[in-house]
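Which chain is which? The protein sequence lines are Z and R, in order. Okay, so the first sequence: first residue is 250 according to our numbering, each after it adds one. Okay, so the second sequence: first residue is 250 according to our numbering, each after it adds one. Don't be surprised by glycine CBs; every beta carbon is placed ideally from N, CA and C. Scroll down for the structure; my scribbles are underneath it.
Protein chains: 2
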Amino acid sequence: MAGYEVGHMLIGELSERTGTPRRLLRYYEEQGLINPSRSPNGYRDYDESLVDRVAQIRGLLDAGLPTRIIKQILPCLNKPRVIHFPDATPEMIATLEHERDRMSERVACLTRNRDAIADYLEAVRAGDHADQS
Amino acid sequence: MAGYEVGHMLIGELSERTGTPRRLLRYYEEQGLINPSRSPNGYRDYDESLVDRVAQIRGLLDAGLPTRIIKQILPCLNKPRVIHFPDATPEMIATLEHERDRMSERVACLTRNRDAIADYLEAVRAGDHADQS
DNA sequence: GTTGACCTTCACATCGGTGTGATGGTTCAA
DNA sequence: TTGAACCATCACACCGATGTGAAGGTCAAC
C-alpha cells in the first residue's frame, strides 16, 4: 500500500485529497476528463497534478457545465503557459468563444444575485427587528 | 385569444417571450418558484413581472443552482427595495449566507476558467500558425 | 355548430451526475 | 495462509431537469 514513487497515488488517496467519491473519479475518466496511467497490476495511478485538475472539474460541474463541454475546454488550461495547442480547428475556436461567452453570462447572473442576497442580509442585519423586540 | 388586461398573459406568450417551454413554466410553478393566478376558466394568468423572474430562474438553473435553493433566495430579490422580509429566521439567514458564499466560489471558478480560455484564444489568434503555413 | 388554436392535467421517457453494492483480484502483515 | 484493506469491473437505482404526447376543456371565428 506504500506509495513508492512520490507524486503518484492510488484512487483512494486522490479521492480523499479531493473529497471526491471513487465512483466519480472513474466516471470522469470514462468521460475523458482525466486519464490516469495504470500500474502493472491494473490499479489506476494518478499523477499529483490531477489533484488540481479534479478540483477544477468539480468546480465547473458545480457551475453548471456538462462533462462534454469541460472536456473541450480542459486542454486550454494546462498548467504551463500555452505550449502547443493540440488543435486549432475553426470549429473548436468557435466552440471556445461560445463557451467563454456563456461563462461570462453565468458570472453576471451569479454576481447579480449574490449581490442581491448580500444586500438583503445587510439590510436584515441593520437592526430591522426594531419593531419586533 | 386577445389579451384584454395588459400586463397579463397566457402561458404561451410567456413561453415565447422567455424562450421557455410551457412544460418548464408549469414545472417551475410546481416547484414553488412562481405562482401565477388563474383565470375563471382555469388558465394560468401570468403577470408581466414574471418575464424577468423566469429569466432569473433560468439563469440560476443554468449556473448550477437547484430549484430548492432558488426558491429560498428568490424572495430576497423582489424588484422594489427590500420592503418587508417574510422571514428572518436564523436558519434562513444562515442558508442565505452559505448560498451567497457558494455563489462567490462559482463566480471565482468560472472567471478563472473563462479568462484562461480567453488567454488561449488570444494566443492562438496571435499568429501562432507561423510554424505551419 | 364545427374547427382550430389555445389551454388543462397526467403519465411516461430520457439524460447526466451520483449512490450503492456485488463479485472478484492484489498485496501486505499477522 | 489467512485476513484486512486496498483495488478492479459492472450493474442497477435514484434524482432533478427536461421532452413528448395523450385526452380533454375553452373560446373565438367562420
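(Q) I'd like to check one pair, D296(R) with S288(R): are the Cβ atoms closer than 9 Å? (A) No, they are not a contact pair.
Q. Which two residues bound the contiguous alpha helix (DSSP H) that contains Y369(Z)?
A. Its alpha helix (DSSP H) spans residues P339 to R374.
Q: Measuring only between beta-carbons, confirm whether M352(Z) sits less than 9 Å from chain R.
A: It does; some Cβ of chain R falls within 9 Å.
Q. What three-state label does DSSP hand Y295(Z) in the structure shown?
A. Strand.
Q | C-beta contact flag for K383(R) and G261(R) at 9 Å | A | As shown, chain R starts at 250 and ends at 382. That puts residue 383(R) outside it, with no answer to give.
(Q) Is there a C-beta anywhere in chain R that falls below 9 Å from the one on L326(Z)? (A) Output row for L326(Z): interface = yes.
(Q) Against chain Z, does V300(R) count as a neighbour if the rule is that its beta carbon must be under 9 Å from one of theirs? (A) Any Cβ of chain Z closer than 9 Å to the Cβ of V300(R) would place that residue at the interface, and such an atom is absent.
**Q.** Cβ-based burial, R308(R) [other Cβ within 10 Å; buried from 16]
**A.** A quick correction: the sequence has Gly, not Arg, at residue 308(R). So G308(R) counts as buried.
Q: Give the secondary structure of S286(Z) by DSSP, where H, G and I count as helix, E and B as strand, and everything else as coil.
A: Look at S286(Z) here: in three-state DSSP terms it is strand.
Q | Whole-number beta carbon distance between R355(R) and L384(Z), since they are thought to touch under 8 Å | A | In the structure as shown, chain Z starts at 250 and stops at 382, and residue 384(Z) therefore has no counterpart that could be examined.
**Q.** M250(Z) versus E348(Z): straight-line alpha-carbon distance, rounded
**A.** For M250(Z), the pLDDT reaches just 42, beneath the cut-off of 50, and the residue's location in the model is therefore unreliable, although a value from the coordinates is still provided. Straight-line spacing of the CA atoms in M250(Z) and E348(Z) works out to 42 Å.
Q: Output yes or no for whether 9 Å exceeds the beta carbon distance between A337(Z) and V373(R).
A: Going by beta carbons, A337(Z) and V373(R) fall inside the 9 Å limit.
Q) In chain R, which residues lie less than 8 Å from R349(Z) when you measure between Cβ atoms? A) What R349(Z) touches in chain R: R363, I366, A367 and L370.
Q. If we ignore side chains and look at the alpha-carbon of each, how far apart do G256(Z) and A365(Z) end up?
A. G256(Z) and A365(Z): Cα-Cα distance of roughly 43 Å.
**Q.** Nearest-angstrom Cα separation, counted from C325(R) out to R423(Z)
**A.** Missing from the structure shown is residue 423(Z); chain Z here goes from 250 to 382 and no further.
Q. Hey, is I342(R)'s beta-carbon within less than 9 Å of any beta-carbon in chain Z?
A. So yes, I342(R) belongs to the interface.
(Q) Would you say the beta carbon of E348(Z) is closer than 8 Å to some non-hydrogen atom of the ligand SAH? (A) The model on display carries no ligand, and the ligand SAH is accordingly not part of it.
Q) Where does the unbroken alpha helix (DSSP H) through Q321(R) begin, and where does it stop? A) From DSSP, the alpha helix (DSSP H) with Q321(R) extends over T316 to I322.
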